[in-house]
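Participant: Before I ask anything, let me first share the structure, which is written out below as structure tokens.
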Amino acid sequence: MADNHYVWHLKLPGISFGFAWHFCGASIYNENWAICAGHCVQGEDMNNPDYLQAKLNQDVDEGTEQTVILSKIIQHEDYNGFTISNDISLLKLSQPLSFNDNVRAIDIPAQGHAASGDCIVSGWGTTSEGGSTPSVLQKVTVPIVSDDECRDAYGQSDIEDSMICAGVPEGGKDSCQGDSGGPLACSDTGSTYLAGIVSWGYGCARPGYPGVYAEVSYHVDWIKANAV
1 MADNHYVWHL
11 KLPGISFGFA
21 WHFCGASIYN
31 ENWAICAGHC
41 VQGEDMNNPD
51 YLQAKLNQDV
61 DEGTEQTVIL
71 SKIIQHEDYN
81 GFTISNDISL
91 LKLSQPLSFN
101 DNVRAIDIPA
111 QGHAASGDCI
121 VSGWGTTSEG
131 GSTPSVLQKV
141 TVPIVSDDEC
151 RDAYGQSDIE
161 DSMICAGVPE
171 GGKDSCQGDS
181 GGPLACSDTG
191 STYLAGIVSW
201 GYGCARPGYP
211 GVYAEVSYHV
221 DWIKANAV
């Protein structure tokens, strides 16, 4: 069963020939919009994405899940598929979600807020590099890594201001394939908010290489201007 603490986490399956497959996660911003990674929607039909769904769980019929079709995708206009900068997109839902104990939005931070401390990344991606995907939502606690430390790991030019990093030096805890677009949730403000969007990294959970996320606080003004 999906953990009720992560009821803002959406699963995005694509549909082809009647079969659905998981390809990314997303976070509920409000009843009508979700926040995802820009690279998750690269190449998709932005104005007619009615072959894409958003749902709360995978492979398990809880009786509480909701499924909606997407009606529009907004990819950040400055998304760069080579540098993976500005890796954020907005997903408009074809009908409003019904909020309840099992479905609700996650807060976003103030523009420019610097996340700190331990955060939680969740997803339906593989549980190890090259491993299998689970049928229930997984989560792991990872601390925020400073930009300087992250640039030391990946290179000074690879970690841009639109990114935030999280992980442990010894490895073993990270997001992985299939988690893209999902939330990095932090609570240093006293309430849980969306600090990052699963973006990229060198493999999964490798020592010395933290996970790299799109930094939501860098994009708050963009989110508010476009999710209307």
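Residues 1 to 228 in UniProt numbering are what the sequence shown lists, from first letter to last.
Don't be surprised by glycine CBs; every beta carbon is placed ideally from N, CA and C.
None of the values given here were measured: they were computed from a predicted structure.
1. In the DSSP assignment, the alpha helix (DSSP H) including H220 goes from what residue to what residue?
2. Roughly how many whole angstroms lie between the Cα atoms of G125 and S199?
3. May I ask you to list the residues that DSSP assigns as paired with W200?
4. The beta strand (DSSP E) that contains D118, what's its start and end?
5. Taking the C-alpha atoms as reference points, what is the distance between A105 and N80?
6. Would you kindly work out how many angstroms separate the C-alpha atoms of V228 and A185, rounded to a whole number?
7. Alpha carbon to alpha carbon, what distance is there between E215 and C165?
8. Pick helix, strand or coil for S162, following the three-state DSSP scheme.
9. Identify, in the order they occur along the chain, each residue of the same chain with its Cβ nearer than 6 Å to the Cβ of K139, setting aside the five sequence neighbours on each side.
10. Just to confirm my understanding: we take H113, look at its own chain, exclude 5 residues before and 5 after, and list those with CB closer than 7 Å. What are they?
11. Assuming the contact rule is C-beta atoms closer than 8 Å, G167 and G117 should be a hit. Round their C-beta distance to whole Å, please.
12. To which residues of the same chain is Y154 closer than 8 Å at the C-beta, ignoring the five residues directly before and after it?
13. How many angstroms separate the CA atom of G130 from the CA atom of A205?
14. Which of the three DSSP states, helix, strand or coil, is assigned to D87?
15. Just mark V145 as buried or exposed, buried being the case when its beta carbon has 16 or more other beta carbons within 10 Å.
16. With distances taken from CA atoms, which of I69, I84, T189, Q95 is nearest N32?
Facilitator: If we stick to the structure as given:
1. According to the sequence displayed, residue 220 carries Val and not His. Start and end: 220-226.
2. Near 13 Å, if we compare the C-alpha coordinates of S199 and G125.
3. W200 pairs with V212.
4. Bounds of the beta strand (DSSP E) holding D118 are 118-123.
5. Each residue's Cα considered, the two are about 27 Å apart.
6. Pairing V228 with A185, the inter-Cα distance amounts to about 23 Å.
7. 9 Å
8. coil
9. Same-chain partners within the cutoff: I120, S122.
10. S217
11. Not a contact, Cβ separation roughly 14 Å.
12. These residues qualify, in order along the chain: Y202, Y209, V212.
13. 12 Å
14. coil
15. buried
16. Q95
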